[in-house]
Amino acid sequence: MDQKVLVLNGDYTAITLCSVQKAFVLLFLDKAEMVAKSDGTLRTISQAYPKPSIIRLQRYVRVPYKGIALSRHNIFKRDHFECQYCGSTKNLTLDHVMPRSRGGESSWTNLLTACARCNHAKGHHTPNEAGLTIRQQPKKPTLAGFLKLSAGTIDQNWHAYLN
Numbered sequence: 001m002d003q004k005v006l007v008l009n010g011d012y013t014a015i016t017l018c019s020v021q022k023a024f025v026l027l028f029l030d031k032a033e034m035v036a037k038s039d040g041t042l043r044t045i046s047q048a049y050p051k052p053s054i055i056r057l058q059r060y061v062r063v064p065y066k067g068i069a070l071s072r073h074n075i076f077k078r079d080h081f082e083c084q085y086c087g088s089t090k091n092l093t094l095d096h097v098m099p100r101s102r103g104g105e106s107s108w109t110n111l112l113t114a115c116a117r118c119n120h121a122k123g124h125h126t127p128n129e130a131g132l133t134i135r136q137q138p139k140k141p142t143l144a145g146f147l148k149l150s151a152g153t154i155d156q157n158w159h160a161y162l163n
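Its first residue numbered 1, the sequence shown is counted upward by one per residue in full-length UniProt numbering.
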């Protein structure tokens, strides 16, 4: 039951992920309709129901999009929990590409995941000055991209709605 369900707004745009239990409650209360089923069934004492993969809310819900929050965990998630210089997954920290001591700000495009060893070796230099190459340039994630990262495993039915 750790499986996630993609929730679509009334206009078929992806808005969030929820648990199978929450999706079933929305379906049962007629607040959503099933767009795609996944393998397996949900059983009650007297009935069996198909397990949802994608649901669509019956009404359009206006969701104010504020963007993805800039946080340590979200940067680690964006960078797949690995150092963007050497690929290590141990002793991870945040690194400013343009150091703060040189006017670099804390933003999606200036922060990346680095292991403590690479971060210390880089010091207050830029990656070029320190002789380091960045594996993947830091950028602000989109909502669809972040939902893919948050889901872990992605149901093949989701691709049409997350691209």
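Yeah, the Cβ is synthetic: ideal placement off N, Cα and C, and Gly gets one too.
- Distance from the CA of L132 to the CA of K122, rounded to the nearest whole angstrom, comes to 8 angstroms.
- Sorting F76, S71, Q3 and N163 by C-alpha distance to the C-alpha of T41 places Q3 at the top.
- Taking the Cα positions, A151 is about 23 angstroms away from A114.
- Secondary structure at V61: coil, using DSSP grouped into helix, strand and coil.
- Closest in alpha carbon position to R72, among W108, R59, M34 and V61, is W108.
- Counting along the chain, the unbroken alpha helix (DSSP H) around E129 starts and ends at P127 to A130.
- Here DSSP, grouped into helix, strand and coil, assigns R43 to strand.
- Excluding its 5 nearest sequence neighbours in each direction, K37 has C-beta neighbours in its own chain below 8 angstroms: P50, K51, P52 and S53, listed in chain order.
- P141 and R78 do touch by the CB rule: their CB atoms are close to 5 angstroms apart, below 8 angstroms.
- In this structure L111 touches L94 by the C-beta definition: roughly 5 angstroms separates them, less than 8 angstroms.
- The criterion of a C-beta distance shorter than 9 angstroms is not satisfied by Y161 and Y60.
- In the three-state reduction of the DSSP assignment, C83 falls in the coil class.
- Exposed is the label assigned to R100, since fewer than 16 other Cβ atoms lie within 10 Å of its Cβ.
- The C-beta distance from V5 to I55 rounds to 6 angstroms, short enough to fall under 8 angstroms.
- Rounded to the nearest whole angstrom, the C-alpha separation of F24 and V7 is 12 angstroms.
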